[in-house]
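Here the protein sequences line up with chains P and E, keeping their order. The first sequence begins at 1 in full-length UniProt numbering and counts up by one. The second sequence begins at 1 in full-length UniProt numbering and counts up by one. One structure is given here, and the rest of the page talks about it.
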Amino acid sequence: MYTEKVMDHFANPRNVGEIEKASGVGEVGNASCGDIMRISIQVEDNIIKDIKFKTFGCGAAIATSSICTELVKGKSIDEALALTNQAVADALGGLPPAKMHCSNLAAEALHEAIADYKAKQEG
Amino acid sequence: MQPVYMDHGATTPVHPEVVEAMVKAMQANFGNPSSVHAFGRAAKALLEEARVSVAALMGASPEQIIFTSGGTEADNIAIFGAARGMRQKGKGNHIITSAVEHHAVLDACKALEKEGFEVTVLPVDEHGQVHVEELEKALRDDTILVTIMHANNEVGTIQPIKELARLTKARGAVFHTDAVQSFGKIPVDVNDLGVDLLSASAHKIYGPKGVGCLYVARGVKLTPIGYGGSQEKRRRPGTENLPGIVGFGKAAAIAAVEIEEEGTRLRRYRDRLIEGLTALPHVKLNGHPTNRLPQNVNVSFQFIEGESLLLMLDMKRIAASSGSACTSGSLDPSHVLLAMGLSHEIAHGSLRLTLGRGNTEEEIDYILNTLPEIVERLRAMSPLYEGKEVVMSCTQRR
């Protein structure tokens, strides 16, 4: 049911953890619906220098979190903001339809982290 | 280590002797049991032999057994058949079931609501048990059918069927029990239980998939849900799945011989697993601590999600199942665990290990050695687990 790439990112998730004194943190989902993703970013000169995630969820949730961090590490804030849930799923070679709705929250968590970063900049 | 199969609650490997009997039935006895010629008569003889064997395992008479395409069809024939039959007799239109039934029962009851029947769903306690007092409160003069499972498929809790059936019948209603998970695993005697209708399935007892049966006590009126033939006393028309039924008969005969010894062995394994797993931090046993099927272990691992656990177990060549939403395609966790009062978060992290004939002591050790590492890994990834590490290390030191 999952592609090889999904299984690879599930079995060997990249960038697991949390950045201390992160520039921005985004969390989406809720435990009652089944998935929670938290992404923390370290931004320097408008570039995402480091990114980490923590996820409570199914195989697809962990895999999407993992690949999302890979896709934007080293990218500018604007490039990261352009990342969509669909792009995350495509990068994994697709997800089962049932998993698109509940699991593919990674881009949203990233966008929340960026929003948090921007709010801190402005504040 | 060979792959470890711990999902016997979903289905069991077909017993080699069952396969042998089925192949023989297909090759040598291809006749239609309804035909009058010698080929038909030979097939009919095999059919009736299987009926005797299945009936014997539940203390019934052969003529009280209707073969079906499985447990789901047996439940449907029982529920639709009894409800419509009783209403036709003018007995009423109130049905009682429980919150932890299989969807074959719950969905059938929901469908009957659309036909104007009224359905009461009994709650369960934290162990998944229906209380006799709850049924007593729910029974009414117009109650025509009570359908409550013998043992739960997810958490293994065994219901007090004898008392529930006695109460029901004293009020003139029909009592049905879905015994798909218990038949062949623990003693099931229709007379001792006092039930009117009982569903069972072959593939849970090392028989083939797609075959089941319904026990029907004498005098119980069942309106058929299918039409088109006189097979199975017109209650389940259609040419019988003879090889499957022969396999069911063989599986029942084997279960009759092995049930006691196998039950004792599996209970030992089950208790070792429960003891080992609940010693881990933030792990909760689901289902009744003692009054549960010998082959069922169901635990919730707080802070992690069931499907992730299953996938990691699968990578370690352990096959299990979960009440997690993601494994069923629905977004909600198991209705059984929710009915028992578990929060969504904890219900999402449930794991069901169901033991069977092929499991060994070595496999129990392997699971107990493998699971903690997986659980620790997933918890390290979980945003819900923060701040719990201290609790974990304290528990581990004990």
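Don't be surprised by glycine CBs; every beta carbon is placed ideally from N, CA and C.
Residue i in three-state terms, based on DSSP
{"i": "residue 244/E", "result": "helix"}
{"i": "residue 2/P", "result": "coil"}
{"i": "residue 58/P", "result": "coil"}
{"i": "residue 286/E", "result": "coil"}
{"i": "residue 16/P", "result": "strand"}
{"i": "residue 185/P", "result": "Nothing about residue 185/P can be reported from this structure: the residues present for chain P run from 1 to 123 only."}
{"i": "residue 357/E", "result": "coil"}
{"i": "residue 10/E", "result": "coil"}
{"i": "residue 82/P", "result": "coil"}
{"i": "residue 134/E", "result": "helix"}
{"i": "residue 144/E", "result": "strand"}
{"i": "residue 90/E", "result": "coil"}
{"i": "residue 7/P", "result": "helix"}
{"i": "residue 4/E", "result": "strand"}
{"i": "residue 105/E", "result": "helix"}
{"i": "residue 375/E", "result": "helix"}
{"i": "residue 112/E", "result": "helix"}
{"i": "residue 118/E", "result": "strand"}
{"i": "residue 342/E", "result": "coil"}
{"i": "residue 351/E", "result": "strand"}
{"i": "residue 370/E", "result": "helix"}
{"i": "residue 72/E", "result": "helix"}
{"i": "residue 22/P", "result": "coil"}
{"i": "residue 151/E", "result": "strand"}
{"i": "residue 380/E", "result": "helix"}
Anticipated Cβ contact below 8 Å, residue i with residue j, distance rounded
{"i": "residue 145/E", "j": "residue 176/E", "result": "7 Å"}
{"i": "residue 14/E", "j": "residue 319/E", "result": "Their Cβ separation, rounded to whole angstroms, is 16 Å, which puts residue 14/E and residue 319/E out of contact at 8 Å."}
{"i": "residue 26/P", "j": "residue 109/P", "result": "5 Å"}
{"i": "residue 122/E", "j": "residue 167/E", "result": "Residue 122/E to residue 167/E, Cβ: 12 Å. No contact."}
{"i": "residue 193/E", "j": "residue 162/E", "result": "5 Å"}
{"i": "residue 55/P", "j": "residue 61/P", "result": "5 Å"}
{"i": "residue 6/E", "j": "residue 246/E", "result": "Contact flag wrong, Cβ pair sits at about 29 Å."}
{"i": "residue 59/P", "j": "residue 307/E", "result": "6 Å"}
{"i": "residue 71/P", "j": "residue 43/P", "result": "Not confirmed; about 16 Å, so no contact."}
{"i": "residue 93/P", "j": "residue 5/P", "result": "5 Å"}
{"i": "residue 9/E", "j": "residue 321/E", "result": "7 Å"}
{"i": "residue 118/E", "j": "residue 93/E", "result": "6 Å"}
{"i": "residue 81/E", "j": "residue 190/E", "result": "Not a contact, Cβ separation roughly 17 Å."}
{"i": "residue 287/E", "j": "residue 172/E", "result": "Residue 287/E to residue 172/E, Cβ: 32 Å. No contact."}
{"i": "residue 188/E", "j": "residue 179/E", "result": "5 Å"}
{"i": "residue 112/E", "j": "residue 135/E", "result": "Not confirmed; about 18 Å, so no contact."}
{"i": "residue 382/E", "j": "residue 346/E", "result": "Going by Cβ atoms, the distance from residue 382/E to residue 346/E rounds to 13 Å, so no, they are not a contact pair."}
{"i": "residue 96/E", "j": "residue 235/E", "result": "About 23 Å; that fails the 8 Å criterion."}
{"i": "residue 45/E", "j": "residue 32/E", "result": "Not confirmed; about 13 Å, so no contact."}
Near the ligand HEM: residue i beta-carbon under 7 Å from a heavy atom
{"i": "residue 350/E", "result": "The ligand HEM is not among the ligands present in this structure, which contains no ligands whatsoever."}
Uninterrupted alpha helix (DSSP H) stretches inside the stretch 13-61 of chain E (no shorter than 4 residues) = Within the stretch 13-61 of chain E, the complete alpha helix (DSSP H) runs of at least 4 residues are 16-28, 38-57.
Taking only runs of the alpha helix (DSSP H) that begin and end inside the stretch 168-230 of chain E, which ones reach a length of at least 4 residues, in chain order?
-> 190-193
Along the stretch 1-25 of chain P, what residues have a CB closer than 9 Å to any CB found in chain E?
-> 2, 7, 10, 11, 13, 16, 17, 18
Would you mind listing the alpha helix (DSSP H) stretches within the stretch 249-318 of chain E that are 4+ residues and don't spill past its ends, in chain order?
-> 306-315
Between the stretch 261-277 of chain E and the stretch 304-317 of chain E, do three or more beta carbon pairs fall short of 8 Å?
-> No, because fewer than three Cβ pairs between the stretch 261-277 of chain E and the stretch 304-317 of chain E fall closer than 8 Å, the two stretches do not touch.
Which of the residues in the stretch 333-354 of chain E, read from start to end, lie with their CB under 7 Å from any CB of chain P?
-> Correct list: 344, 345, 348.
Would you call the stretch 180-198 of chain E and the stretch 139-155 of chain E in contact, with 3 or more CB pairs under 8 Å?
-> yes
What are the residues of the stretch 49-61 of chain P that lie near chain E, defined by any Cβ-Cβ distance shorter than 7 Å?
-> 54, 55, 56, 57, 58, 59
Contacting positions in the stretch 135-161 of chain E - beta carbon closer than 7 Å to chain P | none
Does the stretch 75-94 of chain E touch the stretch 220-230 of chain E, meaning 3 or more C-beta pairs lie closer than 8 Å?
-> yes
Within 9 Å of chain P by C-beta, residues of the stretch 294-318 of chain E in sequence order = 303, 304, 305, 306, 307, 308, 310, 311, 312, 315
Taking one C-beta from the stretch 245-263 of chain E and one from the stretch 15-35 of chain E each time, how about it: are there three or more such pairs within less than 8 Å?
-> yes
If contact means a Cβ-Cβ distance below 7 Å, which residues of the stretch 360-389 of chain E contact chain P?
-> For the stretch 360-389 of chain E, the residues whose beta carbon sits under 7 Å from a beta carbon of chain P are, in order, 381, 382, 383, 384.
Would you check if there are 3 or more beta carbon pairs closer than 8 Å linking the stretch 72-83 of chain E to the stretch 105-113 of chain E?
-> yes
Contained beta strand (DSSP E) runs [length at least 3] in the stretch 25-53 of chain P, N- to C-terminal order = 35-44
Any 3 or more C-beta pairs closer than 8 Å across the stretch 16-26 of chain P and the stretch 38-52 of chain P | yes
Does the stretch 210-219 of chain E come close enough to the stretch 55-73 of chain E that 3 or more CB-CB pairs lie under 8 Å?
-> These segments touch.
Could you tell me whether the stretch 379-388 of chain E touches the stretch 290-297 of chain E, using the rule of 3 or more Cβ pairs below 8 Å?
-> No, they do not touch.
Any chance the stretch 226-238 of chain E sits against the stretch 258-266 of chain E, with 3 or more Cβ pairs inside 8 Å?
-> no
Does the stretch 40-55 of chain E come close enough to the stretch 237-246 of chain E to have 3 or more Cβ pairs within less than 8 Å?
-> yes
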